[in-house]
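Participant: Be aware that the sequence shown starts at 5, since it is given in our numbering, and climbs by one per residue.
Glycine included, every Cβ here is placed at the ideal spot set by N, Cα and C.
Next up is a structure, given as structure tokens.
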Amino acid sequence: MAYYRQVGEVPRQRHTAFRDHDGSLFFEELMGEEGFSSDSSLLYHRGVPSAIVASDVWELPSQATVGNHPLKPRHLRLHDLFDAETAAEVDAVTGRRLVLGNGDVRLSYVVSAATSPYYRNAIGDECVFVESGSGAVETLFGVISYRAGDYVVIPRATTHRWVPAEVSRLYPIEANSHIAPPKRYLSKYGQLLEHAPYCERDLHGPDEIHTETGEDVEVLVKHRTSGGQVVGTRFVYATHPFDVVGWDGCLYPFTFNIEDYMPITGKVHQPPPVHQVFEAQNFVVCNFLPRKVDYHPQSIPVPYYHSNVDSDEVMFYVGGDYEARKGSGIGIGSVSLHPGGHAHGPQPEAVEASIGVEYFEESAVMVDTFRPLELGEGGQAVDDGVYAWVWAGRSV
């Protein structure tokens, strides 16, 4: 995170004795990235944050994947994964269904209205896109509210739980690394620059501490084995992980809403990197939003055909009418996978139809990966099976 925050009570100087009004010592915890070489925060607990009394296996939902072989583009209908009537029994952690994944990122989907267990991802940061719904994420840093269009960015190993206020459609992007603004938008000291499509005031972290007490509190932890397998453990803590009285630093969860993103446009069609919002190890996150489009009199606003030489492209369609995909069967709630090694672009009839168009009313979240993606059980369950042939004019 580019800037410092303080929430709750902290001592005047770090690593010094800090006591309650009755003389009890608070326990200081450093939560930091890349060893001691990157962003960090200091948290002050009433109890010992490492005091566990049990450790058991947590059986994760299926994390198995199968290769995209034979190679082809795919259309996945995510809205078919969940029955909205059962959302009251589904939570945002244990209810996730894996759609696509590789060694760098896992893309899931969940429709949830139930409060989740306490949860911590010890593999990497999470960036959860809120397709619809609202609620709160309670964390040891405090509470952050969420609404439709939010990215909820949760740093690695942050204990938290999801508390929906209504049925929430969530698209979790789970990294095997940290997730941050693109380096080209940052000063050498980490401030977002003037040419960036958003700034610090658009990022909303916790404003108040959320202190809880209790004993024998269960926390579900997702982590990896030495062989790279994604597994789960259920810790039981002697005291509540949210017994924090204050913290300060530059590492904390936050939300960013796509309404606050300022699209970058040009005289002719601009390439996908201008739509980038976050980056991580071996993948990026972009968003395509309502915007004025190219102003050259002969410009073709829809994308030119392009080969993904080094990456797989995943597009999650969340609003509006996506011009380039008209006639393909893709609609709200669809995910398209265009794999490396395949030249893709708009439907042929969309090219001519776009000439002279001045505005696109569309919203989509894109993840580009630099290693091939495989299909999770959720992706396999909702593959339409015919999308690959639409450019040749075959029926969908």
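What does a CB cutoff of less than 7 Å around Ser358 pick up in its chain, not counting 5 residues either side in sequence?
Facilitator: Closer than 7 Å at the Cβ level, and outside the excluded window around Ser358, lie Ile304, Pro305, Val306, Glu327.
Participant: What are the boundary residues of the alpha helix (DSSP H) that includes Ala357?
Facilitator: Ala357 -> alpha helix (DSSP H) spans 352–358.
Participant: Using a Cβ-Cβ cut-off of 7 Å (strictly less than) and excluding sequence neighbours within five positions of Asn106, which residues of its own chain qualify?
Facilitator: Excluding positions up to five away in sequence, the list reads Thr373, Arg375, Pro376, Leu377, Glu378.
Participant: Would you list the residues sitting across from Gln420 in a DSSP beta bridge?
Facilitator: The structure shown does not extend to residue 420, since the chain is modelled only from 5 through 400, so no value can be given for it.
Participant: Which parts of the stretch 202–239 are runs of the beta strand (DSSP E), unbroken and 3 residues or longer, counting only runs that do not cross its ends?
Facilitator: If we require 3 residues or more, the beta strand (DSSP E) runs fully inside the stretch 202–239 come out as 219–228.
Participant: Measure the C-alpha to C-alpha separation of Arg124 and Glu130 and round it to an integer number of angstroms.
Facilitator: One C-alpha to the other measures close to 10 Å.
Participant: Within 10 angstroms of the Cβ of Val94, are there 16 or more other Cβ atoms? Answer buried if so, exposed if not.
Facilitator: Val94 is buried by the Cβ-count criterion.
Participant: So what's Ala88 in DSSP terms, helix, strand or just coil?
Facilitator: Note: Ala88 maps to helix in three-state DSSP.
Participant: Among Glu37, His83, His73, Gly194, which has the Cα closest to the Cα of Val386?
Facilitator: Closest by alpha carbon: His83.
Participant: For Tyr391, which three-state DSSP category applies?
Facilitator: Looking at Tyr391 - three-state DSSP - the assignment turns out to be helix.
Participant: So the candidates are Ser41, Leu80, Ser315; which of them puts its Cα closest to the Cα of Gln285?
Facilitator: Taking only the C-alpha atoms, the option nearest Gln285 is Ser315.
Participant: Taking the beta carbon of Pro210 as the centre, do at least 16 other beta carbons fall within 10 Å, making it buried, or is it exposed?
Facilitator: That one is buried.
Participant: Using only CA atoms, which one of Gly153, Val322, Ala347, Gly344 lies nearest to Ile336?
Facilitator: Comparing Cα positions, the closest option is Val322.
Participant: Helix, strand or coil for Glu33, going by three-state DSSP, please let me know.
Facilitator: Residue state, collapsed to three classes: strand.
Participant: Expressed to the nearest angstrom, what Euclidean distance is found between the alpha-carbon atoms of Thr69 and Val394?
Facilitator: Rounded to the nearest angstrom, the two C-alpha atoms are 25 Å apart.
Participant: Report yes if the C-beta distance between His49 and Asp252 is below 7 Å; otherwise report no.
Facilitator: For His49 and Asp252, no; Cβs fall outside 7 Å.
Participant: I think His403 touches Asn291, with their Cβ atoms under 8 Å apart; what is that distance to the nearest whole Å?
Facilitator: Residue 403 lies beyond the residue range present for the chain, which begins at 5 and ends at 400; the question has no answer from this structure.
Participant: When the Cα of Glu142 is compared with those of Leu196, Val339, Thr162, which residue comes out closest?
Facilitator: Measuring from the Cα of Glu142, the nearest candidate turns out to be Thr162.
Participant: Just the C-alpha distance for Tyr308 and Asp206, rounded to the nearest angstrom, thanks.
Facilitator: So the alpha carbons of these two residues sit roughly 32 Å apart.
Participant: Would a C-beta distance cut-off of 7 Å place Val318 and Leu293 closer than the cut-off?
Facilitator: It is not a contact, given that the beta carbons lie outside the stated cut-off.
Participant: Could you have a look at His310 and say whether DSSP puts it in helix, strand or coil?
Facilitator: His310: strand per DSSP, three-state reduction.
Participant: Determine contact between the stretch 56–75 and the stretch 229–246, defined as no fewer than three beta-carbon pairs at a distance below 8 Å.
Facilitator: Yes: the two stretches touch, three or more of their Cβ pairs being nearer than 8 Å.
Participant: Which word fits Asp154, buried or exposed, when buried means at least 16 other C-beta atoms lie within 10 angstroms of its C-beta?
Facilitator: Its Cβ being crowded by 16 or more others within 10 Å, Asp154 is buried.
Participant: CB Leu255 to CB Ser45, shorter than 7 Å?
Facilitator: A contact, by the Cβ cut-off of 7 Å.
Participant: Contact defined as beta carbons within less than 8 Å: I believe Ser66 pairs with Glu381. What is the distance between those atoms, to the nearest angstrom?
Facilitator: Their Cβ separation, rounded to whole angstroms, is 5 Å, which keeps Ser66 and Glu381 in contact under 8 Å.
Participant: So, with DSSP's three-state summary, where would you put Glu378?
Facilitator: Strand, per DSSP.
Participant: Where does the unbroken beta strand (DSSP E) through Glu366 begin, and where does it stop?
Facilitator: First-last of the beta strand (DSSP E) with Glu366: 366–373.
Participant: What three-state label does DSSP hand Tyr189 in the structure shown?
Facilitator: Tyr189 falls in the helix class under three-state DSSP.
Participant: Could you check how far apart the C-beta atoms of Val97 and Pro121 are, in whole angstroms? I think they sit under 8 Å.
Facilitator: The Cβ separation is near 6 Å, so the contact holds.
Participant: Short of 7 Å in beta carbon distance, which residues of its chain neighbour His227, apart from the five on each side in sequence? Order them along the chain.
Facilitator: The answer, listed in chain order, is Ala126, Ile127, Val235, Thr237.
Participant: Mind reading off the beta-carbon distance from Ile213 to Val11? Whole number of angstroms is fine, and I expect it under 8 Å.
Facilitator: So it is a contact: roughly 5 Å between Cβ atoms.
Participant: Here's a check: name, in chain order, each residue in its chain whose Cβ is nearer than 7 Å to the Cβ of Ile183, leaving out the five neighbours to either side.
Facilitator: Closer than 7 Å at the Cβ level, and outside the excluded window around Ile183, lie Asp129, Cys131, Val157, Phe282, Ala284.
Participant: Tell me, please, which residues DSSP counts as bridged to Pro176.
Facilitator: According to DSSP, which records beta bridges pairwise, Pro176 is partnered with Val132.
Participant: Across which residues does DSSP place Ala347 in a beta bridge pair?
Facilitator: According to DSSP, Ala347 bridges with Ser311.
Participant: Might you give, ordered along the chain, the residues of its own chain that have their beta carbon closer than 6 Å to the beta carbon of Tyr7, omitting 5 neighbours on each side?
Facilitator: Hits under 6 Å: Glu204.
Participant: Inspect the CB distances between the stretch 162–172 and the stretch 185–196 and report whether three or more fall short of 8 Å.
Facilitator: Verdict: no, contact absent.
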